[in-house]
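Novice: Quick one: the structure is below, questions incoming.
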Amino acid sequence: MKRFMAAILTVGLMGLLAWSGLQRPPAAQGPAEFAAESPNPAEARVHALLASAGKGDVADYLESFDGSIKSRLEREVDERGRNAFAADLREAARTRKSHAVFAAEPDGDDTARVVVETVYPDRNERQTYRIDRKPRGWLVTEVETIRGHQPKARFGDQADYQAPEGVPVQTTPSASEETGEEPAPEP
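Under the working numbering, the first residue of the sequence shown carries the number 1, and numbering increases by one thereafter.
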């Protein structure tokens with residue numbers, strides 16, 4: 001009889017929990033989900049720039065720039081042709097194995113710097129994009145390559161494990177450890 005009552009009580013309790021769960025409104029978005037949906041506008045510009053380069057969309061790519069860098073890129077498009085430039089954008093995106101867009105760092109009220117670390121099969125490259133707020137939105141006005149280096153191992157190579165050389169910090173035994181006595185309490 002006790003077992004039967006416990007089973008009925010358990011089923012009733014589970015039913016009550018299921019019913020209350022169905023009646024509850026959906027949970028509000030957490031801060032992490034909200035942050036992922038609304039990135040910094042300067043970071044969003046860099047992501048849009050990289051996406052348009054990957055698609056070979058020359059018009060969108062050029063719309064990400066302003067000032068002398070935009071003039072230089074437009075001149076290059078005119079000299080080489082739009083199709084060749086688009087093919088080069090797609091090829092550059094294909095050779096890129098990975099990239100990381102770091103958080104925008106404010107550089108004044110209407111300026112931010114966004115660092116992008118790019119991994120190619122034979123090298124890593126770090127570029128800093130200066131992005132200024134203009135009437136048309138946030139636009140790239142300067143790109144500076146601050147570091148390019150060749151990693152010890154190529155992208156995709158098997159990693160080698162090297163055991164540590166020894167104990168990181170050598171310690172000498174204290175006087176109380178050598179004699180086995182308890183240290184005197186501090187006043």
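No residue lacks a Cβ here, since even glycine has one placed at the ideal position from N, Cα and C.
Keep in mind the model is a prediction, meaning the values are calculated, not measured.
Would you tell me roughly how many angstroms separate the C-alpha atoms of Leu62 and Arg123, rounded to the nearest one?
Specialist: 26 Å
Novice: Under 8 Å by Cβ, that's how I've got Arg45 and Ser64 pegged, so tell me the actual separation to the nearest angstrom.
Specialist: Your pair Arg45 and Ser64 checks out as a contact, with CB atoms roughly 6 Å apart and the cut at 8 Å.
Novice: Since Ala86 and Val116 should fall inside the 8 Å C-beta cutoff, what is the C-beta to C-beta distance between them, to a whole number of angstroms?
Specialist: Not quite, the Cβ-Cβ distance comes to about 21 Å (not below 8 Å), so this is no contact.
Novice: Can you grab the Cα-Cα spacing for the pair Leu13 / Ala6, in whole Å?
Specialist: 10 Å
Novice: What residue ranges within the segment 71-153 form continuous alpha helix (DSSP H) runs of no fewer than 4 residues, ordered along the chain?
Specialist: 82-95
Novice: Sort Arg94, Thr10, Lys70 and Ser20 by Cα distance to His121 and report the nearest one.
Specialist: Checking the displayed sequence, the identity of residue 121 turns out to be Pro instead of His. In this structure, Arg94 is the residue among Arg94, Thr10, Lys70 and Ser20 with its C-alpha nearest to the C-alpha of Pro121.
Novice: Can you tell me which of Ala42, Arg3, Gln162 and Lys2 puts its alpha carbon nearest to the alpha carbon of Gly137?
Specialist: Ala42
Novice: Ordered along the chain, which non-local residues of its own chain (more than five positions away) have a Cβ less than 8 Å from that of Ile69?
Specialist: For Ile69, where only same-chain residues beyond five positions count, the Cβ hits under 8 Å are Val140, Thr141, Glu142 and Val143.
Novice: Roughly how many angstroms lie between the CA atoms of Leu49 and Gln158, to the nearest whole one?
Specialist: 32 Å
Novice: Go ahead and label Thr118 buried or exposed: buried means 16 or more other beta carbons lie within 10 angstroms of its beta carbon, across all protein chains shown.
Specialist: A residue is called buried once 16 or more other Cβ atoms fall within 10 Å of its Cβ, and Thr118 is buried on that count.
Novice: If I measure Cβ to Cβ from Ala104 and keep anything under 6 Å in the same chain, skipping five residues before and after, which residues do I get?
Specialist: Excluding positions up to five away in sequence, the list reads Asn40, Ala42, Glu43, Ala112 and Val114.
Novice: Since Arg133 and Asp110 should fall inside the 8 Å C-beta cutoff, what is the C-beta to C-beta distance between them, to a whole number of angstroms?
Specialist: 4 Å
Novice: Closest to Ser98 by CA distance: which of Arg72, Val77, Gly21 and His47 is it?
Specialist: His47
Novice: So Ala53 and Ala92 are in contact, right, with Cβ under 8 Å, and what is the actual spacing, rounded?
Specialist: That belief holds up - the Cβ atoms of Ala53 and Ala92 are roughly 7 Å apart, short of 8 Å.
Novice: Mind reading off the beta-carbon distance from Glu165 to Thr145? Whole number of angstroms is fine, and I expect it under 8 Å.
Specialist: About 35 Å; that fails the 8 Å criterion.
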